[in-house]
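Counting in our numbering, the sequence shown tops out at residue 561, every number present. For every residue, glycine included, the Cβ atom is placed at its ideal position computed from N, Cα and C. Structure, as structure tokens:
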Amino acid sequence: MANMDQISVNLWVKMEPFIVGALQIPPPSKFSMHYLRKMSTYVRMRSSEGYYPHLSWPMWRHIACGKLQIEKDLAWLYFELFDSLVERTSEERLEWAEVISSCATEEEAEKQKNKLSVDTLQFLLFLYIQQLNKVSLRTYLLGDEWPSPRSKNYSLTGESTNQIKNWNDSYQQDFIQNHLQDLLELLLDPDQLTASSHSTHNSLMSPEAVRALGFLIEGCVNRNSTVHPLHALALWQPLHAKSGYSKISKAFSFPRLESWLRACLTGNPFGTSACLKSGKKLAWAQQVEGTTKRAKIACNTHMVPSAHRIVVMSQVYKQTLAKSSGTLEDTHVKIHRCCESFIYLLSPLRSVTIEKCRNSTFVLGPVQTVVHLHSCDNVTLIAVCCRLSLSSTTSCTLHVLTPTRPLILLGNLAITFAPFHTHYPKLEDHMGRTGLATVPNYWDNPMLVCKENCDRNVFRLLPPSEFYPFVVPFEMEGDTTEIPGGLPPAYQKALSQREQRIHIWQKTVKEAGLTKDQRKTFQVYVENKFNEWLVQTGSRQQLDSLVLPAAGSKQAAG
């Protein structure tokens, strides 16, 4: 048996539920502790009806729409968002995409959704952490709460209250510490918490409840690199005295468990702060020489388990950066304060957050969970992703392929949605690895999540007449030679008509009977006009930055 004096347990808050699962909006008022406690009692008392230990979509729809008074679309959004956090194979995700895309009507799709269920206790915790972005009326009036436009703090880790809090691991830790008792109470059996006093002094928590809490917390022993689930640590024999587990009752003492959790909770060794402090600087295959001083690019992929991989990019200015490598695969990527740049991340990614960027283009490999844009201006995004969401973003064009409705959150203006319009050789292979298919594709059916967005002029669909395909200017091995799934008919027709006009124009020039001097003059005129267009559109900058040294110019790999 291990010596207790030699055992040191570190627990920390898992980042993914916050990065991926916490919507960047104030939650519905009925997600308060009062109503969630009622829901916790309600589902447990109806375990025989399919509410516990797994909550089906019809049962959650009944609670959300009938009890909590939220709309069905929003109820499905939270259910689907939580479901995206559940660990599944890419094959399982592709099978679900095939099932949904084969449904001819909304009724058929609803029947398929009715077969889905989630872990009830973890879902309760998921609903509770939506309060991460809750806006306090008092602090909002004082201008100290997101989304206050007056904040000028640009810290990467999110100290500014005008930044989204989902990447701020210090804030996540404080949130769990400050609300730990509430979270534990949500996991109690109803008969363990009296309605009159809510006293937890003599309450017992089941191992199943502690297992559910592992949705938010994990840890290690003696600062070892091996990460353990929370319940495995809490049930470990040498820790029973501290964690409060009794073999007789087969349950945990509530106060002792809470005390142990508080004592062991520390900063996330794999979080954003740790990455910025001790992360490795990334090398890039494509990067303009002489303009790299401001750029800060760090990753922790060389030192952490696969589920904790982070890449943070900040202050990339007037550069073209490109990378396709194992270093990027399955990482959570944060791109912060980049300006007038072209960034290509051509690998399968876990999530991407683009924050406070402007006048830039981002081309992403398939993103398994969410791409979120916050406080961006004049950004072009090109991505295949499970989900897209936007907040406080202006004049952005989004070329996406996504099986879920894009989420328009608070503070957006002049957003253009357009079909995904590019490819690179490994794209379809990367899509298969992330479980993303070409159908269903809801790029053109965004969801206005907040009532403040009732003006539908907040977005438009790109007219086919303004549509042009995008070419990824790098060579690499792979089999993808065209846009996955093709283009919507109206956009394909517009391209075909434009190609036909070019063909007619070329034929006209050829048959015009120009002399040699006239052809030379005409060629100079066309080249001048083309160069003017390159400068006006910003394409000249990108073309210049694509001129590489002779060595290593064949691919964007690092």
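How big is the Cα-Cα spacing for residue i and residue j?
i    : j    : result
Q180 : W239 : 23 angstroms
Q125 : C360 : 34 angstroms
R259 : K245 : 7 angstroms
E478 : L413 : 39 angstroms
Q133 : Q27  : 8 angstroms
D86  : V121 : 7 angstroms
I507 : N531 : 22 angstroms
I486 : T425 : 5 angstroms
E188 : P351 : 38 angstroms
T323 : W263 : 49 angstroms
G435 : A386 : 15 angstroms
A67  : L128 : 15 angstroms
A515 : E332 : 54 angstroms
H243 : H311 : 28 angstroms
Y528 : K513 : 16 angstroms
A493 : P467 : 6 angstroms
L517 : S363 : 42 angstroms
E52  : C342 : 54 angstroms
S43  : L430 : 43 angstroms
Q521 : Q539 : 27 angstroms
L80  : K137 : 18 angstroms
R64  : A78  : 6 angstroms
L279 : S228 : 19 angstroms
Q195 : S327 : 53 angstroms
Could you tell me whether the Cβ atoms of residue i and residue j are closer together than 7 angstroms?
i    : j    : result
N117 : P56  : no
A23  : T304 : Checking the sequence, you will find Val at residue 23 rather than Ala. No, Cβ-Cβ distance for V23 and T304 is not below 7 angstroms.
R353 : S317 : no
L391 : G368 : no
G217 : L233 : yes
N73  : P31  : It should be pointed out that residue 73 corresponds to Ile in this sequence rather than to Asn. Their beta carbons are under 7 angstroms apart, which means I73 touches P31 by this criterion.
R96  : G488 : no
P193 : R47  : yes
F420 : L464 : yes
V481 : P428 : The question names Val, yet the displayed sequence has Gly at residue 481. The answer is yes: Cβ separation under 7 angstroms.
C106 : A100 : no
V1   : S281 : The shown model of the chain, from 4 to 561, leaves out residue 1, and the question about it has no answer.
L130 : F34  : yes
K337 : V315 : yes
A257 : S309 : Before going further, note that residue 257 is Phe rather than Ala in the sequence given. Going by C-beta atoms, F257 is not nearer than 7 angstroms to S309.
R442 : S104 : Residue identity differs from the one stated: residue 442 is Val in this sequence, not Arg. Yes, Cβ-Cβ distance for V442 and S104 is below 7 angstroms.
C388 : T400 : no
F178 : L135 : yes
P409 : P449 : yes
N169 : A25  : yes
L219 : K17  : yes
V355 : N415 : no
Counting only the same chain and skipping the five closest in sequence on each side, list residues whose C-beta sits under 8 angstroms from that of residue i.
i    : result
G270 : W15, D172, S173, Q176, S276 and A277
V102 : Q115
A198 : Residue placement at A198 cannot be trusted, given a pLDDT of 43 that sits under 50; the coordinates are not used to answer.
H231 : E221, G222, C223 and V224
S11  : V224, N225 and R226
C267 : V12, N13, L14 and G222
Could you give the DSSP three-state label for residue i: helix, strand or coil?
i    : result
W170 : coil
R353 : coil
R463 : strand
M208 : strand
W15  : strand
V442 : coil
M306 : coil
L410 : strand
L268 : strand
Y427 : coil
V23  : coil
L183 : helix
Within a Cβ cutoff of 6 angstroms, which residues of the same chain sit near residue i, ignoring the five residues on either side of it in sequence?
i    : result
L376 : I357, L393 and T396
I346 : L324 and F365
F470 : Y494 and A497
A212 : L190
G526 : Strictly speaking, residue 526 in this sequence is Gln, with Gly absent from that position. Within the same chain, Q526 has no close Cβ partners at all.
So, for residue i: in the same chain, excluding its five sequence neighbours on each side, which residues have a beta-carbon less than 7 angstroms away from its beta-carbon?
i    : result
S123 : Inspection of the sequence shows that residue 123 is occupied by Thr rather than by Ser. Contacts found: V46, Y54, Y55, P56, H57 and L58.
A215 : D122, L124, Q125, L128 and L190
D447 : F420 and L464
How about residue i: is its C-beta nearer than 7 angstroms to some C-beta of chain B?
i   : result
M62 : Included in the structure is just one protein chain, with no chain B present.
Is residue i near the ligand GTP - that is, is its Cβ less than 6 angstroms away from at least one heavy atom of it?
i    : result
K532 : For the structure depicted, the ligand GTP is absent and the ligand set is empty, with no information on it obtainable.
Handout entry: Secondary structure, beta strand (DSSP E): runs of 3+ residues fully inside the region 212 to 247
Key = List check, beta strand (DSSP E) in window: 220 to 224.
Handout entry: 3-residue-minimum beta strand (DSSP E) runs that sit fully inside the region 324 to 406, ordered along the chain
Key = Along the length of the region 324 to 406, whole beta strand (DSSP E) runs at least 3 residues long occupy 335 to 339, 345 to 348, 354 to 358, 361 to 367, 370 to 377, 380 to 394 and 400 to 404, reported in chain order.
Exercise for the section: May I have a chain-ordered list of the beta strand (DSSP E) segments no shorter than 3 residues that lie completely inside the region 36 to 93? Expected result: Runs of the beta strand (DSSP E) spanning 3 or more residues and lying entirely within the region 36 to 93 occur at 57 to 59, in chain order.
Practice task
Could you pull out every unbroken alpha helix (DSSP H) segment of at least 4 residues lying fully inside the region 472 to 513, listed in chain order?
Solution key: Within the region 472 to 513, the complete alpha helix (DSSP H) segments at least 4 residues long are 492 to 513, listed from N- to C-terminus.
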